[in-house]
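Protein chains in written order, with the numbering used here: chain X, 36 to 263; chain R, 36 to 263; chain Y, 36 to 263; chain D, 36 to 263.
Even glycine gets a Cβ: it sits at the ideal position worked out from N, Cα and C.
Please read these numbers as outputs of a predicted model, since none were measured by experiment.
The block underneath contains the structure these notes are about, expressed in structure tokens.
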């Protein structure tokens, strides 16, 4: 199993065409290249169908974008945690603002992730939701104000108090949770600011996937960590 | 592209552990074996993560269990039709009773499937829903009374009038739609009855996936077609 | 029971503050006044909590904005058709674009409405969805392209072919269905155009609820019918 | 505004026919009678359409079964908190296991309830979900293992450790939250056990609504509190 260590740069491929199919594999290889060069941990969260080819091609940690809190019985069109694990993924996003779950399902999904040896990364919109999620003992929480997702305005700049406040409250509730900072991360300064505010990594999507030169931007992100 | 012809046996792998990961590839190979031996068209609908490995390993037509009616933009945890197509699938289930969609989304999903060159198989609970779905011009409709799914009671036996009535109404609305018969299909007689009632194939899940010897049962199903 | 006849002006109160509580009752009284003066049938679709007081205060036909396809058993926070009927409503909107249902639920809801003696008004986004809905035999279909809802651009002007095409196809499938025209209706000309294109009424919301003088606008709407 | 005090017996009318329309008003009057006789606070949570008539008829505190976290803008078929408040309700259930919400919506709904002066009663399935909900600062939490709802097996008997464990953890996170015990409450002993385990009331449905003599059972419940 590919080891995950912090600080972590986690790249959400979403359903962008630049990160689908062969292009998804290529982007994962770019992530691997930067990770090997800088020794910074870079994870990728591709679409479900691309998980197996990517796990075959690279050795960076792969995350699903979602799993369902189900057992291997009769469900159609659902994401069985075991299928994700067997394909080679090491973790999963849970409750992304574009794929929200009920509170009961977040609880059940974190438990299923633990049972199937998948790292759980719960996405949360704000401080109070992050704190509630922390009670459920996921491995990581990614704070992402949804109104900043896809913008070039990082939460660390627009709402630094959301990040530092979240770190403080979450750590008080559950000191073991790793906190990532998401939404609007596009420059090396954004990554540095996120770490300075107490998080242990970033969740990034369009900032990398839509970049003209993803290698260059990822390298900058990684260097802002190694040179911090 | 793998050609699909009728009569069609379409096997829904659901999220059964017997049809996940390596076992999914093996089951697809069994389907291929029977298809080659009998020249009956056998399609498989595995979980998303297993689509790529299965398309790599076999030449039977592969269907997704669901797609979302989305364009390649910012969605997390969704199923982009293009990703399914690029992975090698030739079609998709839509609106399975375990993954139901709004009417507007069924309409949009059929259109997206057409745009991405995927065959659309809309699942419907009863005659009136099948007729409504036929208006939206999918390639196929699978009639599956949800109360019979997972039982060993075939709709062709329990409710033959649902099957023949559906065939009649759907063909009147849209003579181009291929009609499959689902729910409770477990024996060669069930397959024969389905064809006799005017359908052009079956949608089957536990009857194959949970069989002690899937090869034997699939062979019986295929022979009930070739010897009809 | 308050009789519904066509042409029908049906006013959706939505959750606008101008149409909540006492203001809802007042707006329903305005509708009644115009209806009595012009003999045009004007229905109102208030929020659930306002149905009983409105039915008590006025004699215009009252519609719910939604019902659930449930029987009187164990559900919390759902809308039991019988409760709506007992409160005095004569019908219900179904599948408004702001409250969409699965295809199976639309089918079941229309059947429950029939059982509880409620008129069913299914909302549909476009021609193909209207045609699919017509198969399910509701009493009325309201065609409302969602992109025009809340604008001042009537579908009868922006997309007249959607309206006339819908009328043609729906009537071919089910000549008994009454077709209403919705989205962007704000002037008497919009109402006249809707009728000219073959519909038998309008579904209107902000055009009345947000009007400076709802009485004046409703009167204009009604007169565009009586003077046609 | 009708004052709510603890210990509280809160009766969820659900969509039972025994608690719809005129029968709902009658059941609320029964609750009022017992409350006046025993001075125990008894709240009722009827269907939306019955809120206004009940608030008109009785003086016991009335709760909605659900509200949506929306502002008074363009929504159809939704529950505007302001409409509930204006109709006379003093609070609302949130996230009942039969009407579950996303974590973000629970957070937003609690905030909207506070803004509109409605007491928030969040329903939770188990200890960890109750603890997560407590972080969001509702007024009350009702612990209801969904597998016991509608049974005659009280959680206080089947899983006393769920109740006492929940009380302990929730009070540590947020000592101001009132904890109710739900699911399977049918006898005076169940009520007494719930209070003994540290809760401040019960959330009950079929135990009262489906009782042959709701007055008698409610009186027993209330006396198990006054005589404790």
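With 16 as the cutoff for other CB atoms within 10 Å, does residue 94 (chain R) come out buried or exposed? The residue is exposed, with fewer than 16 neighbouring Cβ atoms inside 10 Å.
Inter-residue Cα distance where the pair is residue 97 (chain R) and residue 137 (chain R): Approximately 25 Å between the Cα atoms of the pair.
Considering just the uninterrupted stretch of the beta strand (DSSP E) at residue 77 (chain Y), what are its terminal residues? Residue 77 (chain Y) -> beta strand (DSSP E) spans 76–80.
Mind checking whether residue 123 (chain Y) and residue 155 (chain Y) have CB atoms under 8 Å apart? Cβ distance not < 8 Å, so residue 123 (chain Y) and residue 155 (chain Y) don't count as in contact.
Closest to residue 43 (chain Y) by C-alpha separation, out of Y:202, Y:238, Y:51, would be which residue? When the alpha-carbon of residue 43 (chain Y) is set against those of Y:202, Y:238, Y:51, the nearest one is in Y:238.
Mapping DSSP to helix, strand and coil, what is residue 208 (chain Y)? Here residue 208 (chain Y) sits in helix by DSSP.
So, are the CB atoms of residue 173 (chain D) and residue 105 (chain D) less than 8 Å apart? Result no, Cβ atoms of residue 173 (chain D) and residue 105 (chain D) do not sit closer than 8 Å.
Using a Cβ-Cβ distance under 8 Å, would residue 163 (chain X) count as near chain D? Yes, residue 163 (chain X) counts as interfacial toward chain D.
In the DSSP output, which residue or residues are listed as bridge partners for residue 71 (chain R)? Answer is none; residue 71 (chain R) lacks a bridge partner.
Alpha-carbon to alpha-carbon, residue 205 (chain Y) and residue 211 (chain Y): Roughly 9 Å separates the two Cα atoms.
Residue 234 (chain R) classed as buried or exposed, judged by whether at least 16 other C-beta atoms fall within 10 angstroms: Of the residues assessed, residue 234 (chain R) falls on the buried side of the cut-off, its CB having 16 or more other CB atoms within 10 angstroms.
Pick helix, strand or coil for residue 214 (chain D), following the three-state DSSP scheme. DSSP, reduced to helix, strand and coil, places residue 214 (chain D) within a strand of the structure shown.
Can you find a C-beta in chain C that's less than 8 Å from the C-beta of residue 51 (chain X)? No chain C appears in the structure shown, which is made up of the protein chains X, R, Y and D.
If residue 11 (chain X) sits next to residue 84 (chain R), beta carbons under 8 Å apart, how far is it from one beta carbon to the other, in whole angstroms? With chain X covering only 36 through 263, there is no way to say anything about residue 11 (chain X).
Three-state secondary structure (DSSP) of residue 89 (chain R): It is helical.
On the DSSP letters alone, give me the boundaries of the beta strand (DSSP E) that residue 126 (chain Y) sits inside. Start and end: 126–129.
Would a check of beta-carbon distances place residue 266 (chain X) closer than 8 Å to chain R? No answer is possible for residue 266 (chain X): the residues shown for chain X start at 36 and end at 263.
Within this structure, are the beta carbons of residue 117 (chain X) and residue 191 (chain R) separated by less than 8 Å? At a Cβ-Cβ threshold of 8 Å, residue 117 (chain X) and residue 191 (chain R) do not count as neighbours.
Can you find a C-beta in chain Y that's less than 8 Å from the C-beta of residue 72 (chain D)? Not closer than 8 Å to any Cβ of chain Y, the Cβ of residue 72 (chain D) fails to qualify, so no.
Exposed or buried, residue 261 (chain X), counting other C-beta atoms within 10 Å across all chains shown (16 or more means buried)? Flag for residue 261 (chain X) reads exposed.
Would you verify that the beta carbon of residue 142 (chain X) is, or is not, closer than 8 Å to some beta carbon of chain D? Yes, its Cβ sits closer than 8 Å to a Cβ of chain D.
Given that residue 119 (chain R) touches chain X, what residues does it touch there, using C-beta distances under 7 Å? Residues of chain X with a Cβ closer than 7 Å to the Cβ of residue 119 (chain R) are, in chain order, 84.
Based on the DSSP secondary-structure assignment, which residues constitute the bridge partners of residue 47 (chain D)? Beta-bridge annotation (DSSP): residue 47 (chain D) is paired with D:80.
DSSP state of residue 155 (chain D) mapped onto helix, strand, coil: The answer is strand: DSSP assigns residue 155 (chain D) an E or B state.
With H, G and I counted as helix, E and B as strand and the rest as coil, what does DSSP make of residue 256 (chain D)? Under the three-state reduction of DSSP output, residue 256 (chain D) falls in the helix class.
Looking only at its own chain, which residues have a Cβ that is under 6 Å from the Cβ of residue 63 (chain Y), when we skip the five neighbours before and after it? So the qualifying residues of the chain are 79, 89, 93.
What is the DSSP secondary structure of residue 222 (chain Y), counted as helix, strand or coil? Residue 222 (chain Y) falls in the coil class under three-state DSSP.
Excluding five sequence neighbours on each side, which residues of the same chain lie with their C-beta closer than 7 Å to the C-beta of residue 132 (chain R)? Apart from the 5 residues on each side of it in sequence, residue 132 (chain R) sits with its Cβ closer than 7 Å to the Cβ of 158, 160, 179, 181, 184 in its chain, given in chain order.
Just to confirm, is the Cβ distance from residue 217 (chain Y) to residue 187 (chain Y) under 8 Å? It is not a contact, given that the beta carbons lie outside the stated cut-off.
Might you give, ordered along the chain, the residues of its own chain that have their beta carbon closer than 6 Å to the beta carbon of residue 100 (chain X), omitting 5 neighbours on each side? Closer than 6 Å at the Cβ level, and outside the excluded window around residue 100 (chain X), lie 80, 128.
If you follow the alpha helix (DSSP H) that residue 166 (chain Y) is in, where does it begin and where does it stop? Counting along the chain, the alpha helix (DSSP H) containing residue 166 (chain Y) begins and ends at 162–170.
For the candidate residues Y:68, Y:48, Y:167, whose alpha-carbon lies nearest to that of residue 112 (chain D)? From the listed residues Y:68, Y:48, Y:167, the smallest Cα separation to residue 112 (chain D) is found for Y:48.
Which same chain residues, not among the five before or five after residue 41 (chain R), have their C-beta less than 8 Å away from its C-beta? Counting only Cβ-Cβ distances below 8 Å, and skipping sequence neighbours, we find 76, 213, 235, 236.
Run through DSSP, which three-state label would residue 106 (chain R) get? Residue state, collapsed to three classes: coil.
Whole-angstrom distance between residue 146 (chain R) and residue 36 (chain D), CA atom to CA atom: Reliability fails at residue 36 (chain D), whose pLDDT of 48 lies under 50, so the model's placement of it is uncertain and no value is given.
Specify the secondary structure class of residue 230 (chain R) as computed by DSSP and reduced to three states. Residue 230 (chain R): helix per DSSP, three-state reduction.
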